[in-house]
Amino acid sequence: MGELILPPAYADASASQPALDFPDYRSTALRHPSQPLIAAPQTLTELTGPLLGEGRVRPEDADLTTQHAGEPLGERIIVHGRVLEEDGRPVRDTLVELWQCNSGGRYRHDADRHPAPLDPNFTGLGRCLTDADGRYRFVTIKPGAYPWGNHANAWRPAHIHFSLFGRAFTQRLVTQMYFPGDPLFGQDPIFNSVRDPAARERMICGFDLGATEPEWALAYRWDIVLRGPAATPRDEDDT
Ligand SMILES: [Fe+2]
530 MGELILPPAY
540 ADASASQPAL
550 DFPDYRSTAL
560 RHPSQPLIAA
570 PQTLTELTGP
580 LLGEGRVRPE
590 DADLTTQHAG
600 EPLGERIIVH
610 GRVLEEDGRP
620 VRDTLVELWQ
630 CNSGGRYRHD
640 ADRHPAPLDP
650 NFTGLGRCLT
660 DADGRYRFVT
670 IKPGAYPWGN
680 HANAWRPAHI
690 HFSLFGRAFT
700 QRLVTQMYFP
710 GDPLFGQDPI
720 FNSVRDPAAR
730 ERMICGFDLG
740 ATEPEWALAY
750 RWDIVLRGPA
760 ATPRDEDDT
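Residue numbers (this note's numbering): 530 to 768.
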């Protein structure tokens, strides 16, 4: 039998990853693991299996503002960066997917009952493949904040959900990207379930004046590290 490898999401119990049972985030009380974890061996199938997406991903999938007849409402932004291994090597040709609410804070999903308007010109889904330098780039609109009922007057900071694959199908990071200076950081238990302040900073993109397109869109840069001490914290919650 080969080496036993815990999935990274559960192998790292440090303060740089979110606590699986975090009292301020109420629903974690019922869904965190309550039994000792069992390591699942990774076989040749898991380590060499094909990644999804190649050959199916179209360039227009990376532009969330041109998927409908008209343009979505909101602040048009560019979100770009690099996907990196823990030693800084680029992760090339890998699938990056994102999903988000619209500029009014509403998801196009049956479960979202927030009384903010849907935007007929915005679905909120995008994907692309990284290039040879591990770079990805999306055009979208800045998502709004929305209430979520975890505690009195609870609102999520603006965020974009991301899913990334590494060099194998089992190397996957699901997380959320936040925007700098958000006034809601202090009261958001999902953001604060990552207890290390430096690790929390790694979930916040940076304003990138150099990548803006004058008279058209502001830009934010967010580099994502899949593993290691400088890894981007996972944030697998779908809220
Ligand atoms: Fe969300």
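Cβ coordinates follow ideal geometry from the N, Cα and C atoms, glycine included.
Identity of the residue in the options nearest residue i by Cα
i, options, result
"Gln596", "Pro649, Ala760, Trp677", "Pro649"
"Gly633", "Asp711, Thr574, Glu604, Val723", "Glu604"
"Tyr707", "Asp660, Asp764, Thr741, Thr652", "Asp764"
"Ala687", "Thr574, Gly715, Ala569, Pro547", "Gly715"
"Ala544", "Val754, Phe720, Gly710", "Phe720"
"Pro709", "Tyr675, Arg750, Phe691", "Arg750"
"Gly655", "Val612, Ile689, Arg635, Gly673", "Ile689"
"Pro712", "Gly673, Ile567, Pro743", "Gly673"
"Ala548", "Val612, Ala558, Ser722", "Ser722"
"Gln700", "Val754, Gly617, Ala683", "Val754"
"Asn631", "Pro570, Val586, Tyr675", "Tyr675"
Euclidean distance between Cα positions of residue i and residue j
i, j, result
"Asp590", "Leu658", "10 Å"
"Val608", "Asp641", "25 Å"
"Phe551", "Ala598", "43 Å"
"Glu730", "Ala681", "26 Å"
"Asp717", "Gly735", "20 Å"
"Thr577", "Phe698", "8 Å"
"Leu738", "Trp677", "32 Å"
"Arg756", "Ala727", "15 Å"
"Thr652", "Asp660", "25 Å"
"His638", "Pro644", "13 Å"
"Tyr665", "Arg555", "34 Å"
"Leu747", "Asp592", "14 Å"
"Asn733", "Leu602", "Going by the sequence as given, residue 733 is Ile instead of Asn. Taking the straight line from one Cα to the other gives about 23 Å."
"Trp745", "Asp553", "40 Å"
"Ile670", "Phe691", "15 Å"
"Leu573", "Ile567", "19 Å"
"Leu613", "Ala558", "33 Å"
"Pro743", "Ala569", "50 Å"
"Pro588", "Glu600", "17 Å"
"Gly617", "Gln546", "20 Å"
"Tyr539", "Ala683", "Only weak support is given to the placement of Tyr539: the predicted model assigns it a pLDDT of 44, under 50, and the value that follows is read from those uncertain coordinates. Approximately 27 Å, taken between the alpha carbons."
"Arg585", "Gln571", "27 Å"
"Ile606", "Gly695", "26 Å"
heavy atom of ligand 2 below 8 Å from residue i C-beta
i, result
"Thr595", "By its list of ligands, the structure shown excludes ligand 2, since it contains just ligand 1."
Sub-9 Å separation of residue i and residue j beta-carbons
i, j, result
"Asp662", "Arg724", "no"
"Thr594", "Val668", "yes"
"Asp766", "Gly610", "no"
"Leu702", "Ala760", "yes"
"Glu615", "Pro758", "yes"
"Pro646", "Thr704", "no"
"Thr768", "Arg635", "no"
Contact with chain D by residue i, beta-carbon distance below 9 Å
i, result
"Trp684", "The structure shown contains no chain D; it is built from a single protein chain."
Counting Cβ pairs closer than 8 Å, one from the segment 620 to 627 and one from the segment 554 to 572, do we hit at least three? no
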